[in-house]
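Residue 219 in full-length UniProt numbering sits at position 219 of the sequence shown, and the numbers go up by one each step.
Think of the CB as a built atom: it goes at the ideal place given N, C-alpha and C, for glycine as much as any other residue.
Nothing here was measured: the structure is a model prediction, and the numbers come from that model.
Data first, discussion second: the structure below is written as structure tokens.
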Amino acid sequence: MRVAVIGASGHIGTYLVPRLVDAGHEVVAVSRGKREPYTPHGAWQRVTTVTADREAEEARGEFGRRVAELDADAVVDLICFTEDSARQLAEALTGRVRHFLHCGTIWIHGPSTRVPTTEDRPRRPLGEYGRQKAAIEAYLLDRAHRDGFPATLIHPGHIVGPGWVPVNPAGNLDPGVFQALADGDEVTLPNLGMETVHHVHADDVARLFMDALANPSASVGESFHSVSTTALTLRGYAEAVAGWFGREARLAYLPWERWRETVPEEHARVTYDHIAHSPHCSMEKAARLLGHRPRHTSLEAVAEAVDWLVREGRITR
Numbered sequence: 001m002r003v004a005v006i007g008a009s010g011h012i013g014t015y016l017v018p019r020l021v022d023a024g025h026e027v028v029a030v031s032r033g034k035r036e037p038y039t040p041h042g043a044w045q046r047v048t049t050v051t052a053d054r055e056a057e058e059a060r061g062e063f064g065r066r067v068a069e070l071d072a073d074a075v076v077d078l079i080c081f082t083e084d085s086a087r088q089l090a091e092a093l094t095g096r097v098r099h100f101l102h103c104g105t106i107w108i109h110g111p112s113t114r115v116p117t118t119e120d121r122p123r124r125p126l127g128e129y130g131r132q133k134a135a136i137e138a139y140l141l142d143r144a145h146r147d148g149f150p151a152t153l154i155h156p157g158h159i160v161g162p163g164w165v166p167v168n169p170a171g172n173l174d175p176g177v178f179q180a181l182a183d184g185d186e187v188t189l190p191n192l193g194m195e196t197v198h199h200v201h202a203d204d205v206a207r208l209f210m211d212a213l214a215n216p217s218a219s220v221g222e223s224f225h226s227v228s229t230t231a232l233t234l235r236g237y238a239e240a241v242a243g244w245f246g247r248e249a250r251l252a253y254l255p256w257e258r259w260r261e262t263v264p265e266e267h268a269r270v271t272y273d274h275i276a277h278s279p280h281c282s283m284e285k286a287a288r289l290l291g292h293r294p295r296h297t298s299l300e301a302v303a304e305a306v307d308w309l310v311r312e313g314r315i316t317r
């Protein structure tokens, strides 16, 4: 099968493209050409690369046609963030592809209410990112059910892997939190540290895309979460990280309004986004329909990323 992957050199594409090649697919990797994959792999030598500036080409009304002219049997879109963008691409691909797979987000759900959250729960997104992703999902599933457009949606949690900083036990992207836990220093968490984060290894997301692609009869017209088997509380996460470095976590707690004053504004903004959602999503549907089970727990996935930070000297022992 000829498969086009849009956003091929990012977190998920780093793992998905080699898996597609190894499975015998002919792969066209579409990206801006601004970066290399996070992890090198010989499979990239057998990939056709196409450089495209999606934003600029969409503004000219050209991007959908450009992708359609790749004559792919399946298209995987990893970097679509607005309904208008999704519409332009889907309209251009109608009647041209056998399978269209879109990367969404668990942020479509908004705050967790009944956990673990299943894919059929109401969409109550909090911010513009989640609202746009929910609108994309609604549009693509309507097209799938109304006129047979072959869409599948995969909704990852906090994507983790070697090469970038994972969401930390304070709910933001400050690597200094990992360093403080490694050093045995006190780390202050918001509230009582009982809010949750839900990571997923980038390769597990890639594996779910592969499973959906291999089972179109079960995946077309459906949405699937892609997360680890269980979420983590901030407190439990911090205790585990400290243990990796032979430390016992020294934790303190402050009410949100006081805690936010102790960190830079950007860290507070990211933390608030995570604790306001406190995601905890179910993987039962992917197991039932696709036979998919993630191979990494949250802590196993984060440990790979933290090991990389140590090797790069961004965390010192």
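**Item:** Residues near Leu254 by beta carbon distance below 6 Å, same chain, minus five either side
**Value:** Thr188
**Item:** Phe224 - partner residues in DSSP beta bridges
**Value:** Ile154
**Message:** To the nearest angstrom, how far is the alpha carbon of Ala92 from that of Ala301?
**Reply:** 37 Å
**Asked** Since Ala238 is in the alpha helix (DSSP H), which residue starts that stretch and which ends it?
**Response** Leu234 to Trp244
**the region 100 to 116 touching the region 74 to 82, judged by at least three CB pairs closer than 8 Å** = Verdict: yes, contact present.
**Asked** Quick one: what's got a C-beta closer than 7 Å to Ser278's C-beta in the same chain, skipping five residues either side?
**Response** Pro111, Ser112, Glu195 and Thr196
**Request:** With DSSP as the reference, label Ser217 as helix, strand or coil.
**Result:** helix
**Request:** Please say whether Gly157 and Val227 have beta carbons closer to each other than 8 Å?
**Result:** yes
**Message:** Cutting at 8 Å between CB atoms, please list the residues of its own chain near Val263, excluding the five before and the five after it.
**Reply:** So the qualifying residues of the chain are Ala170, Asn172, Asp174 and Thr271.
**Item:** Same chain, Cβ closer than 6 Å to Arg250, neighbours up to 5 away in sequence not counted
**Value:** Glu186
**Request:** State the DSSP-derived secondary structure class of Asp71, mapped to helix, strand or coil.
**Result:** coil
**Prompt:** Three or more beta-carbon pairs under 8 Å between the region 12 to 25 and the region 195 to 209, yes or no?
**Reply:** yes
**Message:** Using 8 Å as the threshold, is the C-beta distance between Leu290 and Ala218 below it?
**Reply:** yes
**Coarse secondary structure for Glu186, derived from DSSP in three states** = strand
**Item:** Gly95 versus Ala86: straight-line alpha-carbon distance, rounded
**Value:** Gly95 and Ala86 have their C-alpha atoms spaced approximately 16 Å apart.
**Request:** Just mark Ala59 as buried or exposed, buried being the case when its beta carbon has 16 or more other beta carbons within 10 Å.
**Result:** Ala59 counts as exposed, since fewer than 16 other C-beta atoms from the protein chains shown sit within 10 angstroms of its C-beta.
**Prompt:** Would you say the region 117 to 135 touches the region 235 to 242, given that touching needs at least three Cβ pairs under 8 Å?
**Reply:** no
**Asked** So is the beta-carbon of Tyr129 under 7 Å away from any non-hydrogen atom of the ligand GDP?
**Response** The ligand GDP is not among the ligands present in this structure, which contains no ligands whatsoever.
**Prompt:** Taking the C-alpha atoms as reference points, what is the distance between Leu126 and Arg258?
**Reply:** C-alpha separation (whole angstroms): 23 Å.
**Asked** In angstroms, rounded to a whole number, what distance separates the CA positions of Gly64 and Ala90?
**Response** 8 Å
**Prompt:** Whose C-beta lies closer than 6 Å to the C-beta of Gly130 among residues of the same chain, with five residues either side of it excluded?
**Reply:** Trp107 and Ile108
**Asked** Excluding five sequence neighbours on each side, which residues of the same chain lie with their C-beta closer than 6 Å to the C-beta of Pro37?
**Response** Ser9 and Thr14
**Request:** Leaving aside the five residues before and after Ala303 along the sequence, list all residues of the same chain whose C-beta is less than 7 Å from its C-beta, in chain order.
**Result:** Trp244
**Prompt:** Got a sec? Which residues, its chain only, sit under 7 Å from Gly163 by beta carbon, not counting five neighbours each side?
**Reply:** For Gly163, where only same-chain residues beyond five positions count, the Cβ hits under 7 Å are Tyr38, Thr39 and Trp308.
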